[in-house]
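Undergrad: Here it is, the structure, as structure tokens.
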Amino acid sequence: IAAHLGEVLWTQGNQERAKAIWRESLRLNPDNETLRETLQRLNIKL
Numbered sequence: 002i003a004a005h006l007g008e009v010l011w012t013q014g015n016q017e018r019a020k021a022i023w024r025e026s027l028r029l030n031p032d033n034e035t036l037r038e039t040l041q042r043l044n045i046k047l
């Protein structure tokens, strides 16, 4: 869910909120492949 929510926020221009959600998601679940793929597709470095 965090991958998709972050992507919606990102495309709406709320990049800082998206990054915060993604960071927290990775902290809780570092093996989240969907999130890692989303970050790679959007070329986002956290």
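Numbered per the working numbering, the sequence shown spans residues 2 to 47.
Glycine included, each C-beta is placed from N, C-alpha and C at the ideal position.
1) Starting from the Cα of E38, find the closest Cα among L10, L29 and W23 and give me that residue.
2) Have a look at Q16 and E8 and give me their C-alpha separation to the nearest angstrom.
3) Tell whether a beta-carbon distance below 7 Å holds between A19 and L10.
4) Since I believe L36 is in contact with A1 (beta carbons under 8 Å), could you give me their beta-carbon distance rounded to a whole number of angstroms?
TA: Taking the geometry as given:
1) For the purposes of this step, residue 38 is taken as residue 37 along the sequence shown, with counting starting at 1. Of the candidates L10, L29 and W23, the one whose C-alpha sits nearest the C-alpha of E38 is W23.
2) Along the sequence shown, read from residue 1 onward, the residue named residue 16 stands at position 15. Along the sequence shown, read from residue 1 onward, the residue named residue 8 stands at position 7. About 9 Å.
3) Mapped onto the sequence shown, residue 19 falls at position 18. Mapped onto the sequence shown, residue 10 falls at position 9. Yes, these two residues count as a Cβ contact at 7 Å.
4) This structure gives no information on residue 1, because the portion of the chain shown stretches from 2 to 47.
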